[in-house]
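Plus 24 on top of the position in the sequence shown (first one is 1) and you've got the numbering used here.
Cβ atoms here follow ideal geometry from the backbone N, Cα and C, with glycine treated the same way.
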Amino acid sequence: DGADLVIINTCGFIEDAKAEAIDNILAMGELKKEGRIGKILVTGCLAQRYQMEIVQEMPEVDGVLGTGSYYDIVSAVGKVLAGELVSEFGDINAPQPEPQRILTTPEHYAYLRIAEGCDNHCAFCIIPQLRGRYRSRPMEELLKEAQDLADSGVKELIVIAQDTSRYGMDLTGRHMLPELLHRLAEIDGIHWIRIHYLYPEDTTDEIIDAVASEEKVVKYLDIPIQHVNDRVLRDMNRRGSGALVRERIDTIRRRMPDAVIRTSLIVGFPGETE
25 DGADLVIINT CGFIEDAKAE AIDNILAMGE LKKEGRIGKI LVTGCLAQRY
75 QMEIVQEMPE VDGVLGTGSY YDIVSAVGKV LAGELVSEFG DINAPQPEPQ
125 RILTTPEHYA YLRIAEGCDN HCAFCIIPQL RGRYRSRPME ELLKEAQDLA
175 DSGVKELIVI AQDTSRYGMD LTGRHMLPEL LHRLAEIDGI HWIRIHYLYP
225 EDTTDEIIDA VASEEKVVKY LDIPIQHVND RVLRDMNRRG SGALVRERID
275 TIRRRMPDAV IRTSLIVGFP GETE
């Protein structure tokens, strides 16, 4: 109550999250009608995915920012408060620098985003259209950010990207995640390093060896395999095969018998049999 402006940051990927975002926009619209809030600015993936629909079908919204315009938020707020109708959709393939961090997690852990976007184009996923092509952040920039986080008291780094296993491929043509893990492990103050979202076909022996050999790297691998049937994997436009998935898991178990493997699976994909 009483806010001059409400920013709603949205998801456009999962159906339930899309519905939640729309419900929040409509709820804020009701508060606006009642005079309890001022302006409404919608950002994020739903805004990127349904650009014209939001502007045309939700007149209560005063501004829309796509995923390529996150860093324009301050100027967009100023324009909206000045009475302008804002609709900005910057280049989703532009480099993604990380400005000075404001931690919203508990002080002992932080996410370290090593890349943005995705080049995989799985048939069930819209992320490349929402977040752009895969862009790795320079390693020295990541190490500086990790050091700053350690200096501020962070003990655990959670390494994330839409596909962490491809880190560096767009920069050098080779997998640079092992080198990054070794160098992150050298930072005093960091005790745990946890990796999310490795693709099976890019979880190389070098990546597995880096996880196994570095004491600070948690023996936890988040590998969304989605399926193990070759035909369904082809229909999903996934790289690799069921045999490759089994071989990679066997290799992980051989190198790290106690490793924890988290995955995600899709059932009911079009064409899948009972």
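- In terms of Cα proximity to A185, the closest of D246, A45, P294 and G62 is D246.
- Here I38 is exposed: its Cβ has fewer than 16 other Cβ atoms, across all protein chains shown, within 10 Å.
- The way I'd put it, the segment 34–53 doesn't touch the segment 94–110; fewer than three beta-carbon pairs between them come closer than 8 Å.
- About 17 Å separates the Cβ atoms of L50 and T67, ruling out a contact at the 8 Å cut-off.
- If you check the CB distance, M193 and K243 do not come in under 9 Å.
- Ranked by Cα distance from Y94, the first of I78, P119 and R278 is P119.
- In the DSSP assignment, A139 forms a beta bridge with S160.
- Your pair L181 and A134 checks out as a contact, with CB atoms roughly 6 Å apart and the cut at 8 Å.
- Pairing T275 with D229 gives a Cβ-Cβ distance under 9 Å.
- The beta carbons of A71 and T34 sit closer together than 9 Å.
- By the C-beta criterion, the segment 203–217 is judged not to be in contact with the segment 250–268, since fewer than 3 inter-stretch pairs fall below 8 Å.
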